[in-house]
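Quick mapping for you: the protein sequence lines, in order, are chains A and B. When the letters of the first sequence are read in order and numbered with my numbering, they come out as residues 8 to 544. When the letters of the second sequence are read in order and numbered with my numbering, they come out as residues 31 to 206.
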Amino acid sequence: MTGTVVEGRRVGEDRTLTPDFCIIGSGAAGGVCALKLAEAGFDVLVLEEGPNIPKEPGRAPGQERKMLNEREVEMYKLLYQEGATRLTKNGGVKVLQGRCLGGGTAVNWSACLPPRLETLDEWQKRGLPFTRQNLEPYLREVVNYLPIVRNDKYNTSAEKFRLGCARHDISAENLPNNTHNCRECGSCGVGCPYDRKMSGFVKWLHDAVQLGATIYTDTKVDRLTGSDDRISAVEAHFIDGKTRPTKRKLVVKPTRGVVMAAGAIGTPAILLRSKLDLDNRVGRFTHIHPVTITIGKYPEKTFPAYGVPDNMWTQKFASGPTGYLLETGSFFPVLTASATLQHGDELHRVMRDYYSTGAISYAHHTTGFDDKEKYGTVELDDNGDPELNYRIQKANVKPMQESLVMMARIHLAAGATSVYVMRNPPLEIKPGDAFDEIRKINFTEPQRATIFTVHVMGGCQMHKEDKRRCVNNDFTFRGKKNLWVADGSIFPTALGANPQVTIYSLALWAAREICERHQKPFQFNHQQGGPLPWPGY
Amino acid sequence: MAGILSSALHAAAHPKQRSEVTMVAFDCLDQKTALILFAVAEAVLGEGFIVKAPKFIETVDDFLNYQRPAQRDQFLLALLIAETTFGLTIGGTFRSFSHLSIEERRKILEKLRSSSQELRRNIYVAFVNVSASTYYASDLTWPDLGYAGVSVDHPEILNQPPPIPWRPKDPRPIEP
């Protein structure tokens, strides 16, 4: 029996539903759990706060595409949390997170990296059960199901990065991704209009619906209710196309349980609204990968919007508790304008100079390994909406400065005539310049530089220490027998790599635990194939 | 508290009327905040910016719907604070922000940018981000950047014969 996608904005009455499982969130973890629990024969309901992404009507068979028009502002407001304007509480970091069917999988740049091995080692010290060896079947399932491939159609940013790295004797490698027959529109970050990126709504959720799962979009969860050791109901309301409440409510009374998959800000927020704060443990130790960015200006036109965005990287600087990954991407006018920190004639000059002939590189910085630091906290504002209280840690400042220096060197070695560093005020580095000014940037003060993050982790940790543990090693929420947490909020530290594959893999593990608890079959279906696409892993 | 402050500043604000601000039905802005926003955008983007971004005010007003309500309120409050207090920071005599010349408004932006106070730097970044992002979302600005537009509207972008310009050293054909 095929399930369905119900758009909450169109629901005209209050509803009560009684599935076996209610999964909150349709991103990486929600999609995996929906499919595997549906495969096991459960009646599955997925609640997604964001909108559905239907197919464009009136197109011929074979020509169909999703209603994703690649226009940045329209897609940011449709597909991202807070219209892609989510900020940390002090305004210092822009937090880009998906809010649509498929969640982050719909808007990420398709990069597929495994969990960093030294991160897994650190997690074992903190009592987590995951090792490279026992994760193998989960990683293999993800790799073969999506599939994850090495797409070596490099755009100009990747080519310049490869060239610059080679001239510095830095090993730059192909970064595997989950695109298939990519059209190279470059629009992964605003949703692939051609279904060539294997995001949640193309794969996991699509297949879950084929097996009977029901998805409600435009459905914002208010709280969980219950007593003693069980959750008995999920209370939610529907929102309209502009994220305003429609006054229609949904109550879900799951007969088996609830799976939290709303992400590292959404999951703690719902738990906090439900008064399930575990004596102030929930929401704490939230981690990000702060991102520093450079744009090199080259003598020729670079067409920076087009091409596969994120398929070149180096892990030369990745090791250690504050290591960083250098990657490349594509960039568009609005994203560029939002990061320039410039006004007046200089704004337009920078946009003209660095857009038409620019190539981008950026660094994801690892955080979260120092137990003495507080890192971030998910809090609720006066309206009950989440905000992330996060300050850049002192330990990350020097690596963030050095990542900018390294990226500037790589650009200049590749032939850039100048490099734009998004400091406030902006900094342009030319060949022969010293890097002293970069090394003076104080990232601990908000708005001294543009800092993004696209990876939020932790806040509802799996951990051996009583004072930190929110989630048990079987993925159940502490003290609740029928509440599981399957998303990146369980990470005790930041990952040090793009987390999509790790979240998929751990969600598979969580789904297996749930199936075993209820004596239902869990099976791997995609274990065939050759070596994993990450050399040396 | 913030609501009381916002109401008081709103009552005190008398932004300069602009013929370019013609919108009458707003979701999040109102006539006063729309006029202040216009003055801010003019400082960030320059005189006549509305020619290439004719739906600037409508776009921002719509976009504000998607913001977290508390953050949206802070942005609107920042507009009112700018209008009613920032004029004090230059020249010695008070004139409200929207009544200043573009050059004077830019001097204020410079002061905000380099301020030692987090709040002031946040206001600078909010003003610049909103103005620049909305302006460069307009198709009419794209030729200045050499941006050819989005592929769903212009499929010819992706259907060029190889080598395609963003893969200059790769002669392989584009897959269907």
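C-beta atoms are modelled at their ideal positions from N, C-alpha and C, and glycine is treated no differently.
List the residues of chain B whose Cβ lies closer than 7 Å to the Cβ of F310 of chain A, in chain order.
Chain B residues near F310 of chain A: P195, W196.
In chain A, which residues lie less than 8 Å from L35 of chain B when you measure between Cβ atoms?
Within chain A, no residue comes near L35 of chain B; the closest Cβ sits about 15 Å away, beyond 8 Å.
Whole angstroms are fine: how far does the CA of T9 of chain A sit from the CA of I497 of chain A?
32 Å
Same chain, Cβ closer than 8 Å to L146 of chain A, neighbours up to 5 away in sequence not counted:
P121, V508, S512, L539, listed in sequence order.
Short-range partners of chain B found in the region 316 to 342 of chain A, where Cβ spacing is below 7 Å:
P340, V341
Would you say A344 of chain A reaches chain B, if we count a Cβ-Cβ gap shorter than 8 Å as a contact?
A344 of chain A counts as touching chain B.
Consider the Cβ of R190 of chain A: report whether some Cβ of chain B lies at a distance smaller than 8 Å.
yes
Can you find a CB in chain D that lies within less than 8 Å of the CB of A38 of chain B?
The structure shown contains no chain D; its protein chains are A and B.
Is it true that the region 43 to 61 of chain A meets the region 236 to 251 of chain A, where meeting means three or more beta-carbon pairs spaced less than 8 Å apart?
yes
How far does the alpha helix (DSSP H) with A100 of chain B in it reach, from first residue to last?
99 to 115
Does the beta-carbon distance from F484 of chain A to A517 of chain A come in below 8 Å?
no
Proximity winner among A:D494, A:F28, A:S194, A:P297, relative to L44 of chain A (alpha-carbon distances)
Considering only alpha carbons, the answer is A:F28.
Are the region 309 to 316 of chain A and the region 389 to 408 of chain A in contact at 8 Å, needing three or more beta carbon pairs?
no
Where does the unbroken beta strand (DSSP E) through V241 of chain A begin, and where does it stop?
237 to 246
Can you name the residues that DSSP bridges to E394 of chain A?
A:E386
By Cβ distance below 6 Å, which residues in the same chain neighbour L75 of chain B in space, the five residues on each side in sequence not counted?
S161, Y165
Mind checking if M407 of chain A is an interface residue toward chain B, Cβ cutoff 8 Å exclusive?
no
Taking only the alpha-carbon atoms, compute the straight-line gap between C477 of chain A and C467 of chain A and give it to the nearest angstrom.
5 Å
Three or more C-beta pairs below 8 Å linking the region 452 to 467 of chain A and the region 262 to 272 of chain A
Touching, yes, given that three or more Cβ pairs across the two stretches are closer than 8 Å.
Do the region 135 to 149 of chain B and the region 78 to 92 of chain B touch if we need at least three Cβ pairs shorter than 8 Å?
At 8 Å Cβ cutoff, the stretches do not touch.
Whose Cβ in chain B lies nearer than 9 Å to the Cβ of M358 of chain A?
A162, Y166, T171, D174, L175
Would you say S131 of chain B reaches chain A, if we count a Cβ-Cβ gap shorter than 8 Å as a contact?
no
With three or more C-beta pairs closer than 8 Å as the rule, is the region 404 to 421 of chain A touching the region 122 to 133 of chain B?
no
Neighbouring residues, chain B, relative to L354 of chain A (Cβ below 8 Å)
V74, L75, V158, A162
Comparing the C-beta of D392 of chain A with each C-beta of chain B, is any distance below 8 Å?
yes
Note down, in chain order, every chain A residue with its Cβ under 8 Å from the Cβ of F86 of chain B.
Near F86 of chain B there are no residues of chain A at all, since even the closest Cβ is about 11 Å away, more than 8 Å.
Could you give the DSSP three-state label for W491 of chain A: helix, strand or coil?
The answer is strand: DSSP assigns W491 of chain A an E or B state.
T114 of chain B beta carbon less than 8 Å from that of A64 of chain B
Contact flag unset, no.
Extract the residue ranges of the alpha helix (DSSP H) inside the region 8 to 51 of chain A, only unbroken runs of 4 or more that lie entirely within it.
35 to 46
Straight-line Cα distance separating F116 of chain B from P45 of chain B
Rounded to the nearest angstrom, the gap between the Cα atoms of P45 of chain B and F116 of chain B is 13 Å.
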